[in-house]
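Worksheet for the structure shown next.
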Amino acid sequence: MDEKDSLFARPRAFLPFILVAVALDQLIKALVELYLPLHEALPVIPFLALYRTWNEGVAFSFLSDMDGWVIVVMRFIIIGVVLWWWRGSDRRAFLLNLGFAMIVAGAIGNIIDRFVYGHVVDYVLFHTETWSFAVFNLADALISVGAACVGVWEIFFQPKASRNGN
1164 MDEKDSLFAR
1174 PRAFLPFILV
1184 AVALDQLIKA
1194 LVELYLPLHE
1204 ALPVIPFLAL
1214 YRTWNEGVAF
1224 SFLSDMDGWV
1234 IVVMRFIIIG
1244 VVLWWWRGSD
1254 RRAFLLNLGF
1264 AMIVAGAIGN
1274 IIDRFVYGHV
1284 VDYVLFHTET
1294 WSFAVFNLAD
1304 ALISVGAACV
1314 GVWEIFFQPK
1324 ASRNGN
């Protein structure tokens, strides 16, 4: 291992990060299932509420009519692709490696939901009086922020030579 490797290129850093993120995601979802009433908003601040609902699909109920096991297989394939991409990525790129760790942690959290609850537990609702964003959870946030980290790295920080295939 090169000393210039980023923190999240090292298994002793990214494995605990993934385990803690998944454990926190599952703890929050268990508490939500125990204490938050289904489909009743609990206001936190004017534009944010806790709102327990179930997502039968992926990414904001997309593919909700699809069989749950197909969605689980799709998530495993996505994890496999991310791990394959991560393995060949720039080990010095902190943002890139952090993004991959976040995506994997979020995907695992939502897979566990499917096995434990039969659906994904969502509980965060951003809204205004006339508009609301899809309800989501910590795992969804990890996936989204992780994908943004990877995208920002690929667009703005990837060395020019590797973008041109040199």
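Residue numbers for the sequence shown follow our numbering, beginning at 1164 and rising by one. By construction, the Cβ of each residue, glycine as well, lies at the ideal position given by its N, Cα and C atoms.
Would you say the beta carbon of VAL1245 is closer than 7 Å to some non-hydrogen atom of the ligand FMN?
You won't find the ligand FMN in this model; it holds no ligand whatsoever.
Cβ shell of ASP1253 (< 7 Å), same chain only, five flanking positions each side left out:
LEU1259
So, helix, strand or coil for ASP1165, using DSSP?
Low local confidence applies: a pLDDT of 49 at ASP1165 is under 50, so the model's placement there is unreliable, and no value is given.
Give a yes or no on contact between the segment 1228-1238 and the segment 1293-1311, applying the rule of three or more CB pairs nearer than 8 Å.
no
Short of 7 Å in beta carbon distance, which residues of its chain neighbour VAL1212, apart from the five on each side in sequence? Order them along the chain.
Here residue 1212 turns out to be Ala, not Val, going by the sequence shown. So the qualifying residues of the chain are ALA1204, LEU1205, PRO1206, LEU1288 and HIS1290.
So ALA1270 packs on ILE1240, CB below 8 Å; how close in whole Å?
The Cβ separation is near 10 Å, so there is no contact.
Going by CA-CA distance only, name the one from GLY1262, ARG1175, GLN1321 and LEU1187 that's closest to ASN1273.
LEU1187
Distance check for MET1265 and VAL1335, CA to CA, integer angstroms please.
The chain is shown only over 1164 to 1329; residue 1335 falls outside these bounds and no answer can be derived.
DSSP three-state label for VAL1298, please.
coil
Roughly how many angstroms lie between the CA atoms of TYR1198 and VAL1235, to the nearest whole one?
27 Å
Measure how close the beta-carbons of LEU1261 and PHE1171 come, nearest whole angstrom, since I'm counting them as under 8 Å.
5 Å
Work out the CA separation of GLU1317 and LEU1194 for me, nearest whole Å.
37 Å
Please name the residue, chosen from ASP1285, THR1293 and VAL1267, that lies closest to ILE1306 on a Cα-to-Cα basis.
VAL1267
Residue ranges of each beta strand (DSSP E) within the segment 1169-1227, 3 or longer
1205-1208 and 1211-1218
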